[in-house]
Amino acid sequence: MRLPEIDRGDSLGNRLLIGFISRVSGMRLPDAARVAFYHKAFFSAPMGAWTQRTMRGDSEWSVGERELMAALVAKWNSCPFCVGAHGAIAARILPRATVDAALADFEAADLSPKLKATLIFLEKLTLRPDQVTAADARAVYGSGVSRAALTDGVAVASVFAIITRYANALDFAMPTPAEFDKAGAMLLKRGYA
Amino acid sequence: MDAAVTSHAELAETLRRRVLDGPGETPAALRQMAAKAATGGAADGPAGTLARQIGQASYAVSDAEVAAVRTQTGSERAAFEIVAAAAMGAGLLRWQQGLAAIEEAGDAAP
């Protein structure tokens, strides 16, 4: 963590809370959760609200599909922390083999045509946002994806365009696969807000 | 505008207003510069350099770039505001570009 104050917590209450959660869970509280406690009114509260709506709110996409989208956005943005974190959550819902295959090559993986078409759009939006056009949206619609579902997918890509960037910029410490799995169970239960 | 767009758009706008226009350790103008630098706008000083790197290739951000912004802004809390503003600028660009493509495609959805 490049800003040690985030690691420690910015108030006595947060320092105690970080220590308490780490002791109870038996693992170091991941840096993503430490950011969620830091300078909360400025960033983490409004960011958490949009993330919670996007990842857990009403949608035609399942929670597992949205977490897989997040893991792929993380891959495209070269953010190993977010690949590990959201791949682990996706794999608590979808088969691990499916998640791993999608992370290796989503077009060859055993995913629905709707999800693949949406991921093609999201990859372009992530890497070349100025080149995304109405024709790209129509191509997704051609696979049967609704306008609301595409909008929800765009929200996942946008929220994780933000999260992956601050995770990389702050140099989040990498948990072990077992720790990612444990943290993923907590995020499934508690959500993002 | 349908319900899905409205709810995401309202939450995105709340985030944008809070980070770019709300109170903080840093001047709002510095945060606004960082958000623009992350999407190809002018990049001034250490904060602009870090913001541009966050927008283009966040995996390549260095300890020195973050330390320079800590020195420029005077606190870790202030440096965090620059990191958050830059990341958010890059994310909201994608939200706006994606939404524009969807709106331009009109009623082609099934």
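One line per chain: the protein sequences are A and B, in this order. Numbering follows our numbering, in which position 181 of the first sequence is assigned residue number 1442; successive positions increment by one, without gaps. Numbering follows our numbering, in which position 98 of the second sequence is assigned residue number 413; successive positions increment by one, without gaps. All residues carry an ideal CB built from backbone N, CA and C; glycine is no exception.
Inter-residue Cα distance where the pair is residue i and residue j
i: A/V1401; j: A/F1382; result: 7 Å
i: A/G1345; j: B/A357; result: 34 Å
i: A/D1292; j: A/R1314; result: 21 Å
i: A/N1275; j: B/A420; result: 46 Å
i: A/D1442; j: A/F1367; result: 22 Å
i: A/A1418; j: A/E1266; result: 28 Å
i: B/A344; j: B/L335; result: 8 Å
i: A/A1454; j: B/Q387; result: 31 Å
i: A/P1374; j: A/K1336; result: 20 Å
i: B/V376; j: A/N1338; result: 13 Å
i: A/V1406; j: B/E418; result: 15 Å
i: A/G1280; j: B/T329; result: 31 Å
i: B/I369; j: B/V384; result: 13 Å
i: B/D378; j: A/L1264; result: 10 Å
i: B/Q371; j: A/D1397; result: 23 Å
i: B/E380; j: B/L365; result: 6 Å
i: A/D1268; j: B/E396; result: 16 Å
i: B/A353; j: A/L1388; result: 14 Å
i: A/F1421; j: B/P361; result: 25 Å
i: A/L1273; j: A/K1377; result: 46 Å
i: A/F1342; j: A/K1450; result: 20 Å
i: A/M1447; j: B/G389; result: 35 Å
i: B/R332; j: B/L326; result: 10 Å
Per-residue DSSP class, three states only, for residue i
i: A/F1367; result: coil
i: A/T1412; result: helix
i: B/I417; result: helix
i: A/W1322; result: coil
i: A/A1335; result: helix
i: A/T1257; result: Past the edges of chain A, shown from 1262 to 1454, lies residue 1257 of chain A, and the structure says nothing about it.
i: A/P1374; result: helix
i: A/I1282; result: helix
i: A/M1330; result: helix
i: A/D1361; result: helix
i: B/P428; result: Past the boundaries of the shown model lies residue 428 of chain B; chain B is included only from 316 to 425, so the question cannot be answered.
i: B/R332; result: helix
i: B/M348; result: helix
i: B/G404; result: helix
i: A/I1350; result: helix
i: A/C1343; result: helix
i: A/S1272; result: coil
Where residue i meets chain E, residues with beta-carbon distance less than 7 Å
i: A/H1300; result: Among the protein chains of the structure shown, namely A and B, there is no chain E.
**OP:** State whether the region 1300-1309 of chain A contacts the region 1431-1448 of chain A, with contact taken as three or more CB pairs (one from each stretch) at a distance under 8 Å.
**Re:** no
**OP:** Write down every uninterrupted run of the alpha helix (DSSP H) in the region 359-402 of chain B whose length is 4 residues or greater and which is fully enclosed by it, in chain order.
**Re:** 360-372 and 378-388
**OP:** For the region 1390-1443 of chain A, list the alpha helix (DSSP H) runs that are entirely contained and at least 4 residues long, ordered along the chain.
**Re:** 1395-1402 and 1408-1431
**OP:** Determine contact between the region 1408-1415 of chain A and the region 1314-1328 of chain A, defined as no fewer than three beta-carbon pairs at a distance below 8 Å.
**Re:** yes
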